[in-house]
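Just below is one structure, and these are the notes that go with it.
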Amino acid sequence: MLGISTARALRRGLSVSSRHASCLVVAEHDGASVSQGTLACITAATKIGGDVSVLVAGKNASAIAESAAKISGPKKILAVNVEGLQLSENMAKAVQSMASNYSHILTPSSNIGKNFMPRLGALLNASPLTDIQEVVDESTFKRPMYAGNAIATVKMADPVKLLLTRTTAFDKAAIEGGSATTEDVTLSEEDTNAGLSEFVSESVSQSERPDLTTANTVISGGRGMKNGENFQMLEKLADKLGGAVGASRAAVDAGYVPNELQIGQTGKVVAPSLYVAVGISGAIQHLSGMKDSKVIVAINKDKEAPIFQVADYGIVDDLFKVVPELTEKV
Amino acid sequence: MRVLVGVKRAVDYAVKVRVLPDKTGVDLANVKMSMNPFCEIAVEEAIRLKEKKVAKEVVAISIGPKACVETLRTALAMGADKGIHVTTDVRTDQGISPLAVSNIIAHFAKNEEADLVIVGKQAIDGDNAQTGPMVAGLLGWSQGTFACGMEVDGQKLILDRETDSGTEKLSLKLPSVVTADLRLNEPRYATLPNIMKAKKKPINTVDAASLGIDMELKNTVVSVEDPPVRKAGVIVESVDELVNKLKNEAGVI
Numbered sequence: 089m090l091g092i093s094t095a096r097a098l099r100r101g102l103s104v105s106s107r108h109a110s111c112l113v114v115a116e117h118d119g120a121s122v123s124q125g126t127l128a129c130i131t132a133a134t135k136i137g138g139d140v141s142v143l144v145a146g147k148n149a150s151a152i153a154e155s156a157a158k159i160s161g162p163k164k165i166l167a168v169n170v171e172g173l174q175l176s177e178n179m180a181k182a183v184q185s186m187a188s189n190y191s192h193i194l195t196p197s198s199n200i201g202k203n204f205m206p207r208l209g210a211l212l213n214a215s216p217l218t219d220i221q222e223v224v225d226e227s228t229f230k231r232p233m234y235a236g237n238a239i240a241t242v243k244m245a246d247p248v249k250l251l252l253t254r255t256t257a258f259d260k261a262a263i264e265g266g267s268a269t270t271e272d273v274t275l276s277e278e279d280t281n282a283g284l285s286e287f288v289s290e291s292v293s294q295s296e297r298p299d300l301t302t303a304n305t306v307i308s309g310g311r312g313m314k315n316g317e318n319f320q321m322l323e324k325l326a327d328k329l330g331g332a333v334g335a336s337r338a339a340v341d342a343g344y345v346p347n348e349l350q351i352g353q354t355g356k357v358v359a360p361s362l363y364v365a366v367g368i369s370g371a372i373q374h375l376s377g378m379k380d381s382k383v384i385v386a387i388n389k390d391k392e393a394p395i396f397q398v399a400d401y402g403i404v405d406d407l408f409k410v411v412p413e414l415t416e417k418v
Numbered sequence: 075m076r077v078l079v080g081v082k083r084a085v086d087y088a089v090k091v092r093v094l095p096d097k098t099g100v101d102l103a104n105v106k107m108s109m110n111p112f113c114e115i116a117v118e119e120a121i122r123l124k125e126k127k128v129a130k131e132v133v134a135i136s137i138g139p140k141a142c143v144e145t146l147r148t149a150l151a152m153g154a155d156k157g158i159h160v161t162t163d164v165r166t167d168q169g170i171s172p173l174a175v176s177n178i179i180a181h182f183a184k185n186e187e188a189d190l191v192i193v194g195k196q197a198i199d200g201d202n203a204q205t206g207p208m209v210a211g212l213l214g215w216s217q218g219t220f221a222c223g224m225e226v227d228g229q230k231l232i233l234d235r236e237t238d239s240g241t242e243k244l245s246l247k248l249p250s251v252v253t254a255d256l257r258l259n260e261p262r263y264a265t266l267p268n269i270m271k272a273k274k275k276p277i278n279t280v281d282a283a284s285l286g287i288d289m290e291l292k293n294t295v296v297s298v299e300d301p302p303v304r305k306a307g308v309i310v311e312s313v314d315e316l317v318n319k320l321k322n323e324a325g326v327i
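Have a look at this one:
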């Protein structure tokens with residue numbers, strides 16, 4: 089006697105062996121809660137359809153999982169209470185050990201995701217897609233190529249589809265209203281320790297300001313800022329608007345600000361409600377990191393600067409005059 | 075130590091690409107091609123290891139059509155000792171997967187008895203950023219992506235890498251795969267004497283099809299389109315006007 093759902097499937101002419109999508113989101117977190125990028129990734133997973141599970145790994149995993157259970161969308165939060173999964177060789181092994189339960193494995197397209205996900209692809213003989221910005225259906229996704237100057241629609245054929253999600257392309261899942269169950273997962277030493285690398289130290293820039301990749305407002309400086317001290321002027325404006333400070337590659341190369349402020353094809357990708365480009369000429373590579381911003385303002389004394397071609401509002405004037413005035417009047 | 079460096083022939087970074095009207099891909103006809111900028115940085119790091127007498131030999135590998143020989147000659151002119159050209163006629167921006175590329179590089183890493191593989195962190199055509207960690211996974215080696223500094227210390231590689239919030243230092247067991255980020259080094263220009271010398275250095279040619287590696291695409295590009303065009307903006311004459319528009323027209327402050 090056939091089960092009810094099998095009988096229904098046969099009547100609809102569906103293959104009884106087709107399974108619903110089942111997504112695993114490998115979360116990023118700061119030791120307390122999952123990142124904004126992870127919330128956007130969860131949205132992408134819910135668009136694929138099927139059940140969404142979230143994997144939280146680290147020293148405090150169970151506690152983080154408890155708060156993650158309130159995120160709207162996921163059915164299950166899995167906690168792996170093991171340190172050392174921030175090393176990509178270990179994370180790849182751990183996720184590999186769980187991969188057969190899922191049709192899709194997703195993580196934000198960050199320096200963490202891009203570190204372990206391709207390695208996981210090698211272990212699973214699967215080809216990930218980097219930087220997906222749209223879910224067309226459960227096998228088809230759009231992603232940028234050539235610094236975002238071409239958008240490719242790609243169909244995936246692997247049984248487990250590995251996806252890196254572009255943080256700025258998906259709305260963040262709500263952090264309440266969810267009712268996922270939490271489950272501690274125990275993995276073996278073999279599945280969590282490749283024994284190939286060791287963490288030595290880190291140097292993290294501390295800031296009271298919002299995270300650059302998810303801030304609602306970004307004030308960004310380029311070579312026109314002339315030195316690092318002048319960035320204080322941008323910080324004042326950012327603080328008045330509750331925003332973050334970013335920079336072009338030229339400003340970083342010139343030593344005005346540290347690397348992690350760089351916005352562009354090979355830096356951070358941002359899409360805030362308001363992006364103010366100060367003394368930035370607008371090279372192709374910079375545009376690819378910010379052209380999806382909702383409103384773009386350009387302040388540059390060169391009226392031929394390419395940035396004016398993407399700006400919604402432009403002021404052709406000396407930034408050292410405009411920025412203080414703008415800070416005063418907003 | 076023997077170092078294998080991957081170099082990709084890709085669209086020059088200054089080119090403004092256009093999408094073909096039939097949406098099959100970007101128009102590459104008569105477009106300036108160059109060594110991918112991150113591959114240049116990878117080659118430079120390998121040559122510095124040779125100059126420090128840490129590396130004995132640097133081998134450059136490139137996958138693609140006949141013109142890849144030029145890319146290999148550039149690597150040789152920078153100081154690499156020999157080149158491997160794996161030939162294929164597919165479009166290398168979308169017609170060959172990172173997995174196939176990684177399998178090819180892993181194959182030669184074993185063949186050439188490399189202790190270190192260095193590739194760029196991403197190619198600026200596909201922007202996939204996968205080859206490095208994939209090669210490491212296939213070989214079961216340690217990996218250091220987005221490298222901004224590296225030092226060989228006996229059987230270990232002490233590596234600084236860019237993270238999303240700053241940098242971190244890792245200790246990797248050799249053999250290892252490293253991907254070069256922007257700030258790892260500043261690549262040298264090949265001098266004329268070195269360009270002449272490079273003409274005499276050997277390049278082995280191997281047909282990709284002869285390697286027994288699955289080249290079938292699991293991810294197929296269905297179409298390639300222009301990105302959405304932004305509406306044209308306006309130049310405002312004063313800060314007052316700007317603030318007014320941001321508040322009342324755009325509603326963002």
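From first to last, the protein sequence lines are chains P and B. The first sequence lines up with residues 89 to 418 when you count with my numbering. The second sequence lines up with residues 75 to 327 when you count with my numbering. Using N, Cα and C, we set each Cβ at its ideal position, and we do this for glycine too. Just so we're clear, the structure is a prediction, and the values are computed from it rather than from any experiment.
Residue i burial status per 10 Å Cβ neighbour count (16 or more: buried)
i	result
B:Lys273	exposed
B:Lys106	exposed
P:Thr269	exposed
B:Lys140	exposed
P:Gly91	Note that P:Gly91 has pLDDT 48, beneath the 50 cutoff, so the model's placement of it is unreliable and no number is given.
P:Ile220	buried
P:Val288	exposed
B:Met270	exposed
B:Asn202	buried
B:Ser284	exposed
P:Lys379	buried
According to DSSP, residues forming a beta bridge with residue i
i	result
B:Asn293	P:Met244
P:Cys111	P:Val140, P:His192
P:Ser285	B:Leu246
B:Leu190	B:Val77, B:Ser250
B:Arg83	B:Met109
P:Ser185	Answer is none; P:Ser185 lacks a bridge partner.
B:Lys124	Beta-bridge pairing links B:Lys124 to no other residue.
P:Pro232	P:Ile239
B:Ser136	B:His159
Cutoff 7 Å; reference residue i; Cβ partners in own chain excluding five residues on either side
i	result
P:Ala109	Ile136, Gly137, Gly138, Ser191, His192, Glu226
P:Ser106	Interpretation of P:Ser106 is limited by its pLDDT of 40, a score under 50 that renders its predicted location unreliable; no figure is taken from the coordinates.
B:Glu299	Val93, Lys97
P:Leu198	Checking the displayed sequence, the identity of residue 198 of chain P turns out to be Ser instead of Leu. The answer, listed in chain order, is Glu116, Gly125.
P:Val140	Cys111, Val113, Ile130, Ala133, Thr134, Gly161, Pro162, Lys163
Below-8 Å beta-carbon distance, residue i vs any chain B residue
i	result
P:Leu194	no
P:Thr302	no
P:Phe258	no
P:Gln124	no
P:Ile165	no
P:Tyr190	no
Proximity of residue i and residue j at Cβ, strictly below 8 Å
i	j	result
P:Val418	P:Lys328	yes
P:Ile420	P:Val183	The question about residue 420 of chain P has no answer here: the residues shown for chain P are numbered 89 through 418.
P:Val114	P:Thr256	no
B:Gly200	B:Gln217	no
B:Thr166	B:Thr219	no
P:Ile152	P:Ser121	yes
B:Leu244	P:Glu286	yes
Contact test: residue i Cβ vs the ligand COA heavy atom, cutoff 7 Å
i	result
B:Pro276	For the ligand COA, the structure offers nothing, since it holds no ligand at all.
Closer than 8 Å to chain P by CB, residue i
i	result
B:Thr219	yes
B:Glu299	yes
B:Pro261	no
B:Thr98	no
B:Lys247	yes
B:Ala210	yes
B:Gln168	yes
B:Ile309	yes
Residues near residue i in its chain [Cβ-Cβ closer than 8 Å; skip 5 each side]
i	result
P:Val242	Leu217, Thr228, Phe229, Lys230, Arg231
Contacts around residue i, its chain only, beta-carbon distance under 6 Å, and the 5 residues preceding and following it disregarded
i	result
P:Pro412	none
P:Met179	Leu173, Phe204
B:Asn268	Ala151
B:Ile170	Val164
P:Lys147	Glu171
P:Gly101	Low confidence applies to P:Gly101: its pLDDT is 42, below 50, so where it sits in the model is not reliable enough to give any reading.
P:Ser336	Gly310, Ile368, His374
P:Gln236	Residue identity check: residue 236 of chain P is Gly in the sequence provided, not Gln. The answer, listed in chain order, is Ser376.
- Message: Please list, in chain order, the residues of the region 312-339 of chain P that have any C-beta partner in chain D closer than 9 Å.
- Response: Among the chains of the structure shown, chain D does not appear; the protein chains present are P and B.
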